[in-house]
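Residue numbers for the sequence shown follow this note's numbering, so the first one is 8 and each next one is one higher.
The C-beta atom is built at its ideal place from N, Cα and C for all residues, glycine as well.
The structure under discussion appears below in the form of structure tokens.
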Amino acid sequence: MTSPYIHYIYRQDAKTLAAALAGRITELYEASAARPFVIALSGGSTPRALFDYWREYPALLTGRDYRFWWVDERMVPETSSDSNYGNALRACFGPMGYDLSRLYPIPYDEESSVADAVARYNDRLEGFMTEYRRTAPFDLVILGVGEDGHTSSLFPNQPFFDIPALYLRSVHPTNGVERVALSYAGIARSPKVIFHVTGQGKRERLAEVIALAERSDTEAQRLPAAYAMRLTPQPEIYTDIPR
Ligand code: 6PG
């Protein structure tokens with residue numbers, strides 16, 4: 008049974024779910040005094056439905072003072088179909104003519120190392136927080152959950168639990184591609200975290216993530232998504248997976 012601190016929001020398909028999630032984001036914006044309202048977006052295939060929805064209803068974004076940062080990024084050029092920023096740009100922000108100065112992609116260039124990209128993004132975020140006198144880096148973080156239980160680019164068996172930096176360097180465990188990832192510390196410093204999880208293939212994993220998150224820190228650390236959920240004061244799960 009899910010404890011009352013986890014809010015489980017189920018819709019029967021990805022599109023209806025995206026509409027509910029977009030509505031929730033607007034609601035959080037309206038309820039918050041933070042301007043700009045700062046969101047960290049995840050990558051992978053899950054956000055596609057949300058991007059489609061926003062592209063269909065651009066006034067949800069263009070009429071409001073949002074800034075978008077990224078939870079994680081693969082170290083590939085923006086033109087690659089693996090680029091989280093590139094995909095968001097192509098699916099959503101580009102077609103709607105969004106003001107690109109409100110987007111804060113994780114930097115990539117062939118000449119620099121991933122460590123350099125991490126340092127630059129951490130610095131940019133610190134500077135942004137100072138400029139807007141923010142204590143929390145983001146007002147809302149939207150996390151995906153991978154089939155192996157990873158979240159951000161924090162994978163199982165990577166002992167990143169005590170790293171204080173907001174972003175860190177990670178490596179995908181099987182394909183070896185380097186990534187920049189929002190850390191557990193970065194997740195813990197966000198007042199609101201929404202887990203956006205779609206696909207019936209993740210059913211058992213999602214149940215396991217929730218169960219571990221409710222048990223103990225040590226148990227939750229077995230799966231990154233579970234530990235991220237445990238670090239979150241009132242996690243909300245938006246999913247097309249029935250409980
Ligand atoms: C990434 C992510 C990652 C993602 C999950 C789910 O860039 O890989 O941000 O954490 O949210 O892997 O991925 P899917 O949405 O593709 O299932």
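| request: Return yes when at least one heavy atom of ligand 1 lies under 6 Å from the C-beta of Ser52, else no. | output: Within the sequence shown, the letter at position 45 stands for residue 52. Ser52: yes, Cβ under 6 Å from ligand 1.
(message) Measuring only the C-alpha atoms, how far is Val121 from Ala29?
(response) Taking the sequence shown and counting its residues from 1, the one referred to as residue 121 is at position 114. Taking the sequence shown and counting its residues from 1, the one referred to as residue 29 is at position 22. For Val121 and Ala29, the distance between alpha carbons rounds to 32 Å.
Exercise. Could you work out which residue in Ala66, Tyr174 and Asp116 is closest to Ala188 when comparing CA atoms only?
Key: To locate residue 188, count along the sequence shown from 1; it is residue 181. Comparing Cα-Cα distances from Ala188 to each of Ala66, Tyr174 and Asp116, the minimum goes to Tyr174.
May I ask you to check if the CB of Asp79 is nearer than 6 Å to at least one heavy atom of ligand 1? In the sequence shown, counting from the first residue as 1, residue 79 sits at position 72. Flag set: Cβ of Asp79 near ligand 1.
| Pairwise C-alpha distance: Asn94 and Thr83 | Position 76 of the sequence shown holds residue 83. Position 87 of the sequence shown holds residue 94. Residue identity differs from the one stated: residue 83 is Val in this sequence, not Thr. If I take the Cα positions, the gap works out to 12 Å.
What does a CB cutoff of less than 6 Å around Phe75 pick up in its chain, not counting 5 residues either side in sequence?
-> Here residue 75 is taken as the residue at index 68 of the sequence shown, counted from 1. Correct list, in chain order: Ile46, Leu48 and Leu110.
Could you tell me which residues DSSP puts in a beta bridge with Leu57? Here residue 57 corresponds to residue number 50 of the sequence shown, with the count starting at 1. Partner(s): none; Leu57 has no beta bridge.
_Rounded to whole angstroms, what is the Cα-Cα separation between Gly151 and Ser159?_
Indexing the sequence shown from 1 puts residue 151 at position 144. Indexing the sequence shown from 1 puts residue 159 at position 152. Going from the Cα of Gly151 to the Cα of Ser159 covers about 7 Å.
Cβ of Gly208 versus every heavy atom of ligand 1: is any distance shorter than 6 Å?
Counting from 1 along the sequence shown, the entry for residue 208 is found at position 201. Gly208: no, Cβ never under 6 Å from ligand 1.
Q. Which same chain residues, not among the five before or five after Tyr234, have their C-beta less than 6 Å away from its C-beta?
A. Along the sequence shown, read from residue 1 onward, the residue named residue 234 stands at position 227. Hits under 6 Å: Ala227 and Gln228.
For Phe202, which of helix, strand or coil comes out of DSSP? Position 195 of the sequence shown, counting from 1, holds the residue named residue 202. Of the three classes helix, strand and coil, the one that applies to Phe202 here is strand, per DSSP.
Just grab the DSSP bridge partners of Val178 for me.
Walking along the sequence shown from the start, residue 178 turns up at place 171. Val178 pairs with Glu185.
Exercise. Leaving out five residues on either side along the sequence, give the residues of the same chain with a beta carbon under 6 Å from the beta carbon of Val178.
Key: Here residue 178 refers to the residue found at position 171 of the sequence shown. Hits under 6 Å: Glu185.
(Q) For a quick check, are the C-beta atoms of Leu132 and Pro144 less than 7 Å apart? (A) Taking the sequence shown and counting its residues from 1, the one referred to as residue 132 is at position 125. Taking the sequence shown and counting its residues from 1, the one referred to as residue 144 is at position 137. Cβ distance < 7 Å, so Leu132 and Pro144 count as in contact.
- Query: For ligand 1, any of its heavy atoms closer than 6 Å to the Cβ of Asn91?
  - Reply: Reading the sequence shown from its first residue, position 84 is the one you call residue 91. For ligand 1, at least one heavy atom lies less than 6 Å from the Cβ of Asn91.
Within 7 Å, strictly: CB atoms of Lys209 and Glu154
By one-based count along the sequence shown, residue 209 stands at place 202. By one-based count along the sequence shown, residue 154 stands at place 147. Result yes, Cβ atoms of Lys209 and Glu154 sit closer than 7 Å.
One or two residues paired with Arg74 in a DSSP bridge: Reading the sequence shown from its first residue, position 67 is the one you call residue 74. Partner(s): Val45.
Q | Reference Leu161, options Ala27, Ala192 and Pro231, closest by Cα | A | Walking along the sequence shown from the start, residue 161 turns up at place 154. For the residues Ala27, Ala192 and Pro231, the minimum Cα distance to Leu161 belongs to Pro231.
Margin query: By the three-class DSSP mapping on this structure, what secondary structure does Ile244 have?
Written below: Residue 244 sits at position 237 when you count from the first residue of the sequence shown. DSSP places Ile244 in strand when its eight states are reduced to three.
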